[in-house]
Amino acid sequence: MGSEGVNPKAYPLADAQLTISIMDIVQQAANYKQLKKGANEATKTLNRGIAEFVVMAADTEPLEILLHLPLLAEDKNVPYVFVPSKQGLGRACGVCRPVIACSVTTNEGSQLKSQIQQLKDSIEKLLI
Numbered sequence: 001m002g003s004e005g006v007n008p009k010a011y012p013l014a015d016a017q018l019t020i021s022i023m024d025i026v027q028q029a030a031n032y033k034q035l036k037k038g039a040n041e042a043t044k045t046l047n048r049g050i051a052e053f054v055v056m057a058a059d060t061e062p063l064e065i066l067l068h069l070p071l072l073a074e075d076k077n078v079p080y081v082f083v084p085s086k087q088g089l090g091r092a093c094g095v096c097r098p099v100i101a102c103s104v105t106t107n108e109g110s111q112l113k114s115q116i117q118q119l120k121d122s123i124e125k126l127l128i
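Residue numbering for the sequence shown follows the UniProt record's numbering, starting at 1 and increasing by one per position.
Okay, structure coming up:
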């Protein structure tokens with residue numbers, strides 16, 4: 001996974017360590033049915049105000065198809081982050097197709113709450 005194929009518009013891009021923990025949470029969120037896959041679904045969760053954070057793939061072609069998400073996420077004060085690979089994101093989402101965007105949704109009494117909070121904090125550090 002080289003970073004030469006990554007679009008400079010894909011900011012903030014998670015480093016290797018953060019990517020691993022993001023993929024981990026995404027995978028768990030998929031198991032807990034707290035995950036919406038795809039740019040359209042992610043847009044809906046942002047509009048409804050149920051998105052905890054949004055993960056996008058930096059190797060999306062063309063990247064512009066999901067560049068409305070960071071703007072919307074900023075409006076709604078939802079942290080967002082890019083990961084290097086849509087193939088990897090798809091795997092973490094538990095599907096065999098590449099996924100260009102997904103959003104982890106809120107769920108009261110979820111077992112993931114503390115992990116999601118930690119991840120949100122580290123994503124927010126990237127945005128500063």
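Think of the CB as a built atom: it goes at the ideal place given N, C-alpha and C, for glycine as much as any other residue.
Predicted, not measured: the structure shown is a model, and the values here were computed from it.
Asked                                                                                                                              : Found
Segment contact, 8 Å Cβ cut-off, at least three pairs: the region 87-98 with the region 107-124                                    : no
Residue environment, D59, which counts as buried when at least 16 other CB atoms sit within 10 Å                                   : buried
Candidates T106, L13, G49, E64, of which the one nearest A29 by Cα                                                                 : T106
Any 3 or more C-beta pairs closer than 8 Å across the region 70-80 and the region 18-27                                            : no
Whole alpha helix (DSSP H) elements within the UniProt domain "Ribosomal protein eL8/eL30/eS12/Gadd45" (23-111), 4-residue minimum : 39-48, 68-75, 86-92
Contacting residues, own chain, Cβ-Cβ under 7 Å from K72 (five flanking each side not counted)                                     : The amino acid at residue 72 is misidentified as Lys; the sequence shows Leu. Only T43, L46 meet the Cβ criterion.
Between the CA atoms of N40 and F82 - distance to the nearest angstrom                                                             : 16 Å
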